[in-house]
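Below you'll find the structure, written out as structure tokens, and then a few comments.
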Amino acid sequence: MSVSFRVRCPRCGRVEEYEPGEEELKAAEERGVVSVSFFHGDHTFVVFFDKSGLVRRLSVIKAAGGTVAASTKAFLLEEICTLFGREKAAYLLSAFLYHGRLALISSSTDLAFKTYQALKELSGLERPALVVEELGSAEELPENAVLIMDRKALANLANRLEGTALVDIEAPFRPGRKEKRGLKMILNIIEQALHLGEEGRRLFLREKLGRMRNLVEKAVELLDKKGILNEDLLEREVGRLEKEEPRWLYYVLSEFGGVEPAKLGARGVREFSL
Ligand SMILES: [Zn+2]
């Protein structure tokens, strides 16, 4: 059975007709939704559709030179959850809050950029973005940058990405026990936030995610200084740790920072049990 759709670009009015291939529909079944991009000169028209070929969302992104100009409204929390699922949303937010270099990889740089914008907006955290397909080969990749790239660019750049956390935003996320425990805290925050009104939600997320960002930053400082993470010393910096906080912290440090478990959670001689 083949499906196709016709959609009008809200920016310039051009009508696009598209017939998703079998592969794309299969991917949509796994992920809930996939996107296709149409290049309209000074802007890109992105259409998200589901496994039935039903159009679920439209978006227009304006790109200029090597930087991507301020574009349409970022995805909201609901949309991020619908696109990727709540657990993947929690994973993406965790990756963004970790302060090391991060690459968001996608079949579409537009989707990766929109996701970056949403993570920035939700967390209130300023991190520079670089669209990698336009990056000169000799250019230095800045620390703290979020690299936006498609899978082709990833293959070309693989040797320059040491120390960069690579996150494929469309890859299906099947959390195991370790991931579920590590992400529980941020999942709870997402769930609470979804029950709040717009302004309350924004403040709530900024406060909660700001605290987590601070935790990671201080933990990395301590690790650099001492070679091991001591919870007592960390508590001196950030105040009392809540029960779920170390779990999330250790998960993020090992998942995105490549920190060995042996260096985590030493509270004197007593190891925090994971
Ligand atoms: Zn257009």
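Going left to right, the sequence shown walks through residues 837 to 1110 as the numbering used here numbers them. Positions of the beta carbon are idealized from the N, C-alpha and C atoms, including for glycine.
With respect to the alpha helix (DSSP H) encompassing residue i, which residues constitute its N-terminal and C-terminal limits?
i     : result
V1056 : E1034 to K1062
D1068 : E1067 to V1074
T945  : T945 to S959
L928  : R922 to L933
L1030 : R1013 to L1030
Quick one: grab the DSSP three-state call for residue i.
i     : result
S1090 : helix
A1007 : coil
E859  : helix
S838  : coil
A981  : coil
R844  : strand
E852  : strand
P1097 : helix
L997  : coil
T918  : helix
L1085 : helix
L1077 : coil
A905  : With a pLDDT of 41 at A905, under the threshold of 50, the modelled position of this residue cannot be trusted; read the value that follows with caution. A905 falls in the coil class under three-state DSSP.
L1002 : strand
L913  : helix
Spell out whether any CB of chain D is found under 8 Å from the CB atom of residue i.
i     : result
I1005 : The structure shown contains no chain D, having only a single protein chain.
Identify the residues that DSSP records as bridge partners of residue i: which are they?
i    : result
F884 : S871 and R893
A939 : L983 and L1002
Say yes only if the C-beta of residue i is nearer than 7 Å to one or more non-hydrogen atoms of ligand 2, and no if none qualify.
i     : result
F1092 : In terms of ligand content, the structure shown lacks ligand 2 and carries ligand 1 instead.
Pull up the CB-CB distance for residue i and residue j, whole angstroms please, since I reckon it's below 8 Å.
i    : j     : result
K950 : S895  : 6 Å
I984 : T945  : 5 Å
Y934 : V1088 : 5 Å
Could you spell out the range, first to last residue, of the beta strand (DSSP E) harbouring residue i?
i    : result
L993 : No beta strand (DSSP E) holds L993; the alpha helix (DSSP H) holding it covers R987 to L993.
L966 : A965 to V967
Inset, instruction - Anything with a beta carbon under 6 Å from a heavy atom of ligand 1 counts; list them all in chain order. - result: C845, R847, C848, R850, H876, H879 and F881
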